[in-house]
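Scroll down for the structure; my scribbles are underneath it.
There are 2 protein chains.
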Amino acid sequence: MHSVSEWYNDIVEKAGLAEHSPVRGCMTIKPYGWALWENIQRPLDEAFKRTGHQNAYFPLFIPLSFLAKEAQHVEGFAQECAVVTHYRIKTDPETRSVTPDPEATLEEPLVIRPTSETIIWNTFRDWIKSYRDLPLLINQWANVVRWEKRPRLFLRTAEFLWQEGHTAHATAEEALQEALNMLNLYESFVQEYLAIPVIKGRKTPNERFAGAVETFTIETLLIDGKALQAGTSHFLGQNFARAFDVKFLNAQNQLEYVWATSWGVSTRLIGAVILSHGDEKGLILPPKVAPIQVVIIPIWRNDEERSATVSKAHVLASQLREKNLRVKVDDDPQHRPGWKFNEWELRGVPLRFAIGPKDLLAGTVEVAWRHSGEKLVVSFSEAVAQAESWLNQIQTALFERAKDRIQQQTYRVDSYAEMREILEEKGGFILAHWDGTTETELAIKEETGATIRCIPLDAPEEPGKCIYSGRPSQRRVLFARAY
Amino acid sequence: MHSVSEWYNDIVEKAGLAEHSPVRGCMTIKPYGWALWENIQRPLDEAFKRTGHQNAYFPLFIPLSFLAKEAQHVEGFAQECAVVTHYRIKTDPETRSVTPDPEATLEEPLVIRPTSETIIWNTFRDWIKSYRDLPLLINQWANVVRWEKRPRLFLRTAEFLWQEGHTAHATAEEALQEALNMLNLYESFVQEYLAIPVIKGRKTPNERFAGAVETFTIETLLIDGKALQAGTSHFLGQNFARAFDVKFLNAQNQLEYVWATSWGVSTRLIGAVILSHGDEKGLILPPKVAPIQVVIIPIWRNDEERSATVSKAHVLASQLREKNLRVKVDDDPQHRPGWKFNEWELRGVPLRFAIGPKDLLAGTVEVAWRHSGEKLVVSFSEAVAQAESWLNQIQTALFERAKDRIQQQTYRVDSYAEMREILEEKGGFILAHWDGTTETELAIKEETGATIRCIPLDAPEEPGKCIYSGRPSQRRVLFARAY
Numbered sequence: 001m002h003s004v005s006e007w008y009n010d011i012v013e014k015a016g017l018a019e020h021s022p023v024r025g026c027m028t029i030k031p032y033g034w035a036l037w038e039n040i041q042r043p044l045d046e047a048f049k050r051t052g053h054q055n056a057y058f059p060l061f062i063p064l065s066f067l068a069k070e071a072q073h074v075e076g077f078a079q080e081c082a083v084v085t086h087y088r089i090k091t092d093p094e095t096r097s098v099t100p101d102p103e104a105t106l107e108e109p110l111v112i113r114p115t116s117e118t119i120i121w122n123t124f125r126d127w128i129k130s131y132r133d134l135p136l137l138i139n140q141w142a143n144v145v146r147w148e149k150r151p152r153l154f155l156r157t158a159e160f161l162w163q164e165g166h167t168a169h170a171t172a173e174e175a176l177q178e179a180l181n182m183l184n185l186y187e188s189f190v191q192e193y194l195a196i197p198v199i200k201g202r203k204t205p206n207e208r209f210a211g212a213v214e215t216f217t218i219e220t221l222l223i224d225g226k227a228l229q230a231g232t233s234h235f236l237g238q239n240f241a242r243a244f245d246v247k248f249l250n251a252q253n254q255l256e257y258v259w260a261t262s263w264g265v266s267t268r269l270i271g272a273v274i275l276s277h278g279d280e281k282g283l284i285l286p287p288k289v290a291p292i293q294v295v296i297i298p299i300w301r302n303d304e305e306r307s308a309t310v311s312k313a314h315v316l317a318s319q320l321r322e323k324n325l326r327v328k329v330d331d332d333p334q335h336r337p338g339w340k341f342n343e344w345e346l347r348g349v350p351l352r353f354a355i356g357p358k359d360l361l362a363g364t365v366e367v368a369w370r371h372s373g374e375k376l377v378v379s380f381s382e383a384v385a386q387a388e389s390w391l392n393q394i395q396t397a398l399f400e401r402a403k404d405r406i407q408q409q410t411y412r413v414d415s416y417a418e419m420r421e422i423l424e425e426k427g428g429f430i431l432a433h434w435d436g437t438t439e440t441e442l443a444i445k446e447e448t449g450a451t452i453r454c455i456p457l458d459a460p461e462e463p464g465k466c467i468y469s470g471r472p473s474q475r476r477v478l479f480a481r482a483y
Numbered sequence: 001m002h003s004v005s006e007w008y009n010d011i012v013e014k015a016g017l018a019e020h021s022p023v024r025g026c027m028t029i030k031p032y033g034w035a036l037w038e039n040i041q042r043p044l045d046e047a048f049k050r051t052g053h054q055n056a057y058f059p060l061f062i063p064l065s066f067l068a069k070e071a072q073h074v075e076g077f078a079q080e081c082a083v084v085t086h087y088r089i090k091t092d093p094e095t096r097s098v099t100p101d102p103e104a105t106l107e108e109p110l111v112i113r114p115t116s117e118t119i120i121w122n123t124f125r126d127w128i129k130s131y132r133d134l135p136l137l138i139n140q141w142a143n144v145v146r147w148e149k150r151p152r153l154f155l156r157t158a159e160f161l162w163q164e165g166h167t168a169h170a171t172a173e174e175a176l177q178e179a180l181n182m183l184n185l186y187e188s189f190v191q192e193y194l195a196i197p198v199i200k201g202r203k204t205p206n207e208r209f210a211g212a213v214e215t216f217t218i219e220t221l222l223i224d225g226k227a228l229q230a231g232t233s234h235f236l237g238q239n240f241a242r243a244f245d246v247k248f249l250n251a252q253n254q255l256e257y258v259w260a261t262s263w264g265v266s267t268r269l270i271g272a273v274i275l276s277h278g279d280e281k282g283l284i285l286p287p288k289v290a291p292i293q294v295v296i297i298p299i300w301r302n303d304e305e306r307s308a309t310v311s312k313a314h315v316l317a318s319q320l321r322e323k324n325l326r327v328k329v330d331d332d333p334q335h336r337p338g339w340k341f342n343e344w345e346l347r348g349v350p351l352r353f354a355i356g357p358k359d360l361l362a363g364t365v366e367v368a369w370r371h372s373g374e375k376l377v378v379s380f381s382e383a384v385a386q387a388e389s390w391l392n393q394i395q396t397a398l399f400e401r402a403k404d405r406i407q408q409q410t411y412r413v414d415s416y417a418e419m420r421e422i423l424e425e426k427g428g429f430i431l432a433h434w435d436g437t438t439e440t441e442l443a444i445k446e447e448t449g450a451t452i453r454c455i456p457l458d459a460p461e462e463p464g465k466c467i468y469s470g471r472p473s474q475r476r477v478l479f480a481r482a483y
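Residue numbers (the numbering used here), protein chains in the order written: chain A, 1 to 483; chain B, 1 to 483.
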């Protein structure tokens, strides 16, 4: 793959995941991509509910004045807000051209939510009166809009889909714990379901969410050596409670501002899956989220063989479905087996079972593993008995492979020159000392394009010198060029 | 209930379903309301998939020029479109007030989708080449925006949530059949899950969806005698295919325009549930969609009794959960049993199990039916064994009760004077003769506020005279004042 970027766009479209829409920066998520998103949403939603969160839904629109209430917040999002100014359009009766109706302007323009802290905290003011109303643990599945200068399918789109958790607590400790709990939940989910290893860390002040006291992140490294922020969890302190005057009566009957968190993951995770596991043949989907886990391809040369292999394929499919596997039989007569093999490899289906006339006689199936290219002829009954276990093994193998890759792409670097060289030549995660100042951070970003992805939570104390300024540093931080 | 309208707003807020948001016409769906929506979404989504439909997702934004392509369509939606004109905001450094940035106006304004036919058919042009690509059966779960002059929670909100199906077919017959199939699916769902009887019919030309050749509807009648359109399914002919130039090569290798349908139901269904079954005590939720099907209330006077009844309540709850019932134990020490009884009645929980100290000794539970007010003391084991069957009986009883009510509120009327009197005095469905002209339809609407809800699909041929014009009519149509 000479250009990962071209490969990526090509695969996303050819595999039927998504495509660019005529609206700049927006994408159409196609059925196969949507099925993948549903398989991401379901276990996440269950995990949120299991940990006591409730879903709710807040308006798409945010009055401009709300956004303005938290100074850093509006600063952070002002550059990328879609603004609604009119509530009617009119057609010119002659030219039939359509324009916003100048007689129908909104008194106060509305922003399409780029995130919902402001509208939600405005509502929380009415929901929270006493410590008995806390903690309030809310999640929302929604679309949000952030105008993007350089859109990429899934990775950066003007409109994207996500979940945003918003919680309210009586103490700073409890809110901070919630932010960390959700970070851990994201880590487990992304590692277990998407087979993507992540590094947990805290963002530098410069990279924090606009309005947060502390931003935690899970960061991963993709096959092209670029980093991706896969999810964030914010400790918001009392910033939004102050901006929206949300107080509660504590057990001592005193009024206090409420403590907050917010946290989210988005359709960007699909981009992470593609760029963590894919290869020159196309997608490689982790079995736990693959819309199709096993594709069965009957092979025939004549009608008699066709009827026999197709019916055997359907028997196999129903036996696998009884084990709750997601199975597709591709018995389309318009395409030849070789075409189908390529197609389902491109689409990343973890296991392929092929059944030809000889297999019928021998009672066998040819099994092919998408991620390793291995093939094995096994008995029909073994294929049924083993499928689930094979899928579990693939899930683990993908995670281990990605982990090894990331380990190989991670460099402990002690000089700025070396860092620049690595970034230019191969990319990757760079663990290096930093003096803790925004000034240095911005200078490195300006000169190399690399940002501090995070200060890893498990970074050991290790005195050293900042690679840029030479000033003292207590621990290494994680640099990379990122999406 | 002296005013159904006040009762409705009061119940929606007090039961924790939804509330008005500070953005005019938009609502916040609260956790209990959202849980109800999830219970509506899940079986509907499964039914769509079972019938071969696939979910996908299209952009929130529609370029103005797209909307303009289908003349009737733009006509129908122009009055209620939210228009995005800017992609950035700016803060005045002195006043800190925020305004749309005049330097960041969109070249072409974007409308927030009021419905997605245009953006979807623009995409279908690329997805459909030959008859082999048909039928294309797509559904989308999304938020849409239609500016409303008189918003009502759930029933009419500027932003609402819905699903919109969009399908493409090779022949008119097949598309028409799809539109009818989806109408039937809606009928089954609404009757079986929401216990709401509906009348299937076709809309008059004047009441058709903007751009449709034929609009089918399911109509119901609410407790206040007003009608509600609960879902619609449209046969769009080739209108959108022509507007967006979507052609396919048929089996004879000729290019033809594609035939289309679209169909949708929305969060409005929650309004229908409330206004079909509720009473002066509050909500009455059909068991199949109730977020909580059984609430268990332990009753105690001292700590010893508290510990015994609460633990018994949890034993009962876990036994019921093993039967896949949705159960809540209300063991909150802050409220007394009487308060809880009222609260869960208000929230419409179908069954209440109360366990007091005497019940512990006797091994009994007091069961109360929300919809009928009945109470019965039964053995603990019977309560567990019967709960599911009781819920099924409640589901049926609610449907039958609503059916009886609607029958009583339905009038066969042969004079315009009688129609006006009924509409003024009690509302209801009015089956009357109509001459088939839009002129008459609009005159009746103007004079009485009643619209033709539909021409029922099962209306028998019955020659008669139009109640308004006296001209001949072939069958009765269904009039009502409607939401």
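Glycine is no exception: its CB is placed at the ideal position from the N, C-alpha and C atoms.
None of these values were measured; they are calculated from a predicted model.
- Message: Quick check on this structure: which residue in A:Asp330, A:Gln407, A:Glu19 and A:Glu192 has the alpha carbon closest to the alpha carbon of B:Pro59?
- Response: With distances taken between Cα atoms, B:Pro59 lies closest to A:Glu19.
- 7 Å Cβ cut-off: residues of chain A touching B:Phe48: Chain A residues near B:Phe48: none, gap ~12 Å exceeds 7 Å.
- Task: Could you check what DSSP says for A:Glu103 in three-state terms: helix, strand or coil?
- Result: In this structure, A:Glu103 counts as coil in the three-state DSSP scheme.
- Item | A:Leu283 vs A:Gly348 beta-carbon contact at 9 Å | Their beta carbons are under 9 Å apart, which means A:Leu283 touches A:Gly348 by this criterion.
- Query: Under a three-way DSSP split, which group does B:Ile392 fall into?
  - Reply: Per the sequence shown, the amino acid found at residue 392 of chain B is Asn instead of Ile. It is helical.
- Message: Taking 8 Å as the limit between beta carbons, can you name the residues of its chain near B:His371, skipping five residues before and five after?
- Response: Hits under 8 Å: His277, Ile284, Pro350, Ile394, Ala397, Leu398 and Arg401.
- Task: Pair every Cβ in the stretch 117–133 of chain B with every Cβ in the stretch 89–101 of chain B, then say whether three or more of these pairs are closer than 8 Å.
- Result: Touching, no, given that fewer than three Cβ pairs across the two stretches are closer than 8 Å.
- Query: Rounded to a whole number of angstroms, what is the C-alpha to C-alpha distance between A:Lys465 and A:Pro472?
  - Reply: If I take the Cα positions, the gap works out to 5 Å.
- Going along the chain, which residues of its own chain have a beta-carbon closer than 6 Å to the beta-carbon of A:Phe380, five neighbours each way excluded? Only Gly363 and Val365 meet the Cβ criterion.
- Which residues in the same chain have their Cβ closer than 6 Å to the Cβ of A:Leu221, if we skip the five residues on either side of it in sequence? Closer than 6 Å at Cβ, skipping near neighbours: Ala227, Ile406, Gln409 and Phe429.
- Among A:Ile11, A:Gly16, A:Asn9 and A:Gln41, nearest to A:Lys288 - alpha-carbon criterion: With distances taken between Cα atoms, A:Lys288 lies closest to A:Gln41.
- Whose C-beta lies closer than 7 Å to the C-beta of A:Trp339 among residues of the same chain, with five residues either side of it excluded? Excluding positions up to five away in sequence, the list is empty.
- Task: Report the option in B:Glu159, B:Arg412 and B:Lys445 whose CA atom is closest to the CA atom of B:Ser266.
- Result: When C-alpha distances from B:Ser266 are compared across B:Glu159, B:Arg412 and B:Lys445, the shortest belongs to B:Glu159.
- What is the rounded straight-line gap between the Cα of A:Ala387 and the Cα of A:Ile299? One C-alpha to the other measures close to 20 Å.
- Message: What residue range does the beta strand (DSSP E) around B:Gln334 cover?
- Response: For B:Gln334, no beta strand (DSSP E) encloses it, and the DSSP letter there is neither H nor E.
- Query: Three or more beta-carbon pairs under 8 Å between the stretch 173–188 of chain A and the stretch 204–221 of chain A, yes or no?
  - Reply: Judged by Cβ distances under 8 Å, the stretch 173–188 of chain A makes contact with the stretch 204–221 of chain A, as three or more pairs qualify.
- Message: Run through the DSSP bridge pairs and tell me what B:Glu148 is partnered with.
- Response: B:Glu148 is not bridged to any residue.
- Just confirm the distance between the C-beta atoms of B:Ile11 and A:Ala56, as a whole number of angstroms; I'd bet it's less than 8 Å. No, B:Ile11 and A:Ala56 are not in contact; Cβ-Cβ is about 18 Å, not under 8 Å.
- Item | Same chain, Cβ closer than 6 Å to A:Arg509, five either side skipped, listed in chain order | With chain A covering only 1 through 483, there is no way to say anything about residue 509 of chain A.
- Message: Using the Cβ count rule (16 or more neighbours within 10 Å means buried), how would you classify B:Arg476?
- Response: Label assigned to B:Arg476: buried.
- Task: Can you tell me the Cβ-Cβ gap for A:Glu70 and A:Gly264, rounded? I've got them flagged as a contact below 8 Å.
- Result: Between A:Gly264 and A:Glu70 the Cβ distance is about 17 Å, and since that is not below 8 Å, they are no contact.
- Task: Determine the direct distance from the alpha carbon of A:Leu236 to that of A:Phe189, and round the result to whole angstroms.
- Result: Taking the straight line joining both Cα atoms gives about 23 Å.
- Spell out the partners DSSP gives A:Glu219 in its beta bridges. Within the DSSP bridge table, the entry for A:Glu219 names A:Ile199 and A:Gln229 as partners.
- Message: Helix, strand or coil, according to DSSP, for A:Leu325 in the structure here?
- Response: In the structure shown, A:Leu325 sits in coil (DSSP, three-state: anything other than H, G, I, E or B).
- Message: According to DSSP, is A:Met1 part of a helix, a strand, or is it coil?
- Response: Residue placement at A:Met1 is flagged as unreliable, the pLDDT there being 44, under the threshold of 50; a coordinate-derived value is accordingly withheld.
- chain C contact residues for B:Arg132, given Cβ-Cβ distances below 8 Å: Absent from the structure: chain C. Protein chains present are A and B.
- Cutoff 9 Å: B:Thr167 Cβ touching any chain A Cβ: No, B:Thr167 lies away from the interface with chain A (no Cβ there is under 9 Å from its Cβ).
- Message: Tell me which residues share the same chain as A:Ile274 and place their Cβ nearer than 7 Å to its Cβ, disregarding the 5 neighbours each side in the sequence.
- Response: Closer than 7 Å at the Cβ level, and outside the excluded window around A:Ile274, lie Tyr8, Ile11, Val12 and Leu283.
- Item | Residue burial classification, A:Asp359 (beta-carbon count within 10 angstroms, cutoff 16) | A:Asp359 comes out buried.
- Task: Check the Cβ-Cβ distances between B:Met1 and every residue of chain A, and say whether any is below 9 Å.
- Result: For B:Met1, the predicted model reports a pLDDT of 44, less than 50, meaning its position is unreliable and no value from the coordinates is stated.
- Query: Considering only the beta carbon of each residue, do B:Asn139 and B:Phe48 sit closer than 9 Å?
  - Reply: Yes. Within cutoff.
- Message: Please state whether the Cβ-Cβ distance between A:His73 and A:Ser116 is less than 9 Å.
- Response: At a Cβ-Cβ threshold of 9 Å, A:His73 and A:Ser116 do not count as neighbours.
- For B:Asn143 and A:Ile270, the rounded distance between their alpha carbons: Roughly 22 Å separates the two Cα atoms.
- Which two residues bound the contiguous alpha helix (DSSP H) that contains B:Pro298? Premise fails: B:Pro298 lies in the beta strand (DSSP E), Val294 to Pro298, not in any alpha helix (DSSP H).
- DSSP state of B:Val384 mapped onto helix, strand, coil: The three-state secondary structure of B:Val384, taken from DSSP, is helix.
- If you check the beta carbons only, do A:Gly201 and A:Lys426 fall under 9 Å apart? The answer is no: Cβ separation not under 9 Å.
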